[in-house]
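In this note's numbering, the protein residues as written are 150 to 405. Using N, Cα and C, we set each Cβ at its ideal position, and we do this for glycine too. Report on one structure; see the data block that follows.
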């Protein structure tokens, strides 16, 4: 059997601690090509760069690993990997992350980490977005690496139906503190944003965006938010079809 080939990317940048952890996960299973943004690209979702040139540079090459930095978004990085660097080669898995901070609930729509993972599924590759519920720069990624290996191994060894994209979120803490894995649905919640107004030294106003997540179903025990809050790794299968099938009939009556 040929050696497996795994494409790794993220949205926190090529030098992030989380990308190094994701590469550690992927190298367990085969050769790794990593293409990651030059700078932080959090919140970019599936944005692509259309009106600016993009620059690629090789950061490191060693046995079983080639790492590139790319000046675009996470999806740009994924496309560069699959459409250019690895064009014509079989890619066995796309791994995006490990993100600093969870991508549970509605965050899946904003996340550059998940944007790249979803894009990978368009190419017929099993794709996993892996995140750790810890935003700190010195976050402990040991639990995310351990459970990431379990889930990646299961996907690679199992008979999975394609397309497949998994949104995996790992709670903060040591591996022995994690209670296990729960297959979940996406929590229904939303962000309520606030803009803080400031003035620069020349008197021009500027704004900083902040916000608070509102859990619309805090008592539901089958969601990713509940799993994370109770010490479990949440795994949510993600689909791209956003059609609200339940409304097709009722709206048909309204719009006839």
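- By the neighbour-count criterion, in which a residue is buried when 16 or more other Cβ atoms sit within 10 angstroms of its Cβ, residue 274 is buried.
- With a minimum length of 3 residues, the unbroken runs of beta strand (DSSP E) contained wholly in the region 157-212 fall at 180-186, 205-211.
- In the DSSP annotation of this structure, the continuous segment of the alpha helix (DSSP H) that includes residue 293 starts and ends at 291-306.
- Counting the other Cβ atoms within 10 Å of the Cβ of residue 249 gives 16 or more, which makes it buried.
- A residue is called buried once 16 or more other Cβ atoms fall within 10 Å of its Cβ, and residue 375 is buried on that count.
- Remark: C-beta atoms of residue 218 and residue 208 approach each other more closely than 9 Å.
- Remark: fewer than three beta-carbon pairs, one from each stretch, lie closer than 8 Å, so the region 229-236 and the region 244-260 are not flagged as touching.
- Nearest to residue 224 by C-alpha distance, out of 282, 263, 319, 180, is 263.
- In the DSSP assignment, the residues bridged to residue 338 are 364.
- Put simply, of 179, 377, 170, 168 the residue whose alpha carbon is nearest the alpha carbon of residue 152 is 179.
- Looking at the backbone, the Cα of residue 165 and that of residue 398 are separated by about 48 Å.
- Looking only at 354, 357, 276, 330, the smallest Cα-Cα distance to residue 388 is reached by 276.
- For residue 252, the secondary structure class from DSSP, reduced to helix, strand or coil, is coil.
- Taking C-beta separations shorter than 6 Å and ignoring five residues to either side along the sequence, the partners of residue 296 in its chain run 319, 382, following chain order.
- Boundaries of the alpha helix (DSSP H) around residue 224: 223-229.
- When the five nearest sequence neighbours on each side are left out, the beta carbons in the same chain lying within less than 6 Å of the beta carbon of residue 332 are those of 384, in order along the chain.
- The region 364-404 is shown to contain whole alpha helix (DSSP H) runs of 4 or more residues at 373-378, 397-403, in chain order.
- In the DSSP annotation of this structure, the continuous segment of the beta strand (DSSP E) that includes residue 329 starts and ends at 329-332.
- Beta-bridge partners of residue 246 (DSSP): 279.
- In this structure, 251 is the residue among 251, 210, 371 with its C-alpha nearest to the C-alpha of residue 285.
- Rounded to whole angstroms, residue 400 and residue 271 show a C-alpha spacing of 30 Å.
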